[in-house]
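Undergrad:
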Amino acid sequence: MKTKNKIGYLAMGCLLISFSVLAQDGNSGINAATQQVRSYFQSGVNLMYAIGAIVGLIGAVKVFNKWNSGEPDTGKVAAAWFGSCVFLVIVATVLTSFFG
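Just so you know, my numbering puts 1304 at position 26 of the sequence shown, and the rest follows in order with no gaps.
1) To the nearest angstrom, how far is the alpha carbon of leucine 1335 from that of phenylalanine 1377?
2) Taking the continuous alpha helix (DSSP H) assigned at glycine 1322, which residues delimit it?
3) When the Cα atoms are used, what is the spatial distance from valine 1372 to isoleucine 1285?
4) Leucine 1325: buried (16+ other C-beta within 10 angstroms of its C-beta) or exposed?
5) Using the rule of at least 16 other Cβ atoms within 10 Å of the residue's Cβ for burial, across every protein chain shown, is tryptophan 1359 buried or exposed?
6) Can you find the residues in the same chain that come closer than 8 Å, C-beta to C-beta, to alanine 1370, ignoring five residues on each side of it along the sequence?
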């Protein structure tokens, strides 16, 4: 037998053995992934609330500066910043009720 054939058969055997060793039940893999995602979920929701608070503070400062300088589009800017903060809070609340 040629050396190339022996090496090819050895590589194929190692490959098949590694596939059988790494194989697992599909349900256990899905359950493990679900559990891992759920463990990070509350931290993600808290992060969204924190980002919403920071955006709110930045927006309040920007609106205050526009209001003090007498710019005419202060109402639109205030509505945009307030809307973005409300959006983040609503998304976090909906995700909590949906996945919680």
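Positions of the beta carbon are idealized from the N, C-alpha and C atoms, including for glycine.
TA: Based on what the coordinates show:
1) Distance between the alpha carbons of leucine 1335 and phenylalanine 1377: 28 Å.
2) Its alpha helix (DSSP H) spans residues 1304-1347.
3) If I take the Cα positions, the gap works out to 57 Å.
4) By the neighbour-count criterion, in which a residue is buried when 16 or more other Cβ atoms sit within 10 angstroms of its Cβ, leucine 1325 is exposed.
5) Taking every protein chain shown into account, the CB of tryptophan 1359 has 16 or more other CB atoms within 10 angstroms, so this residue is buried.
6) These residues qualify, in order along the chain: Val1323, Met1326, Tyr1327 and Gly1330.
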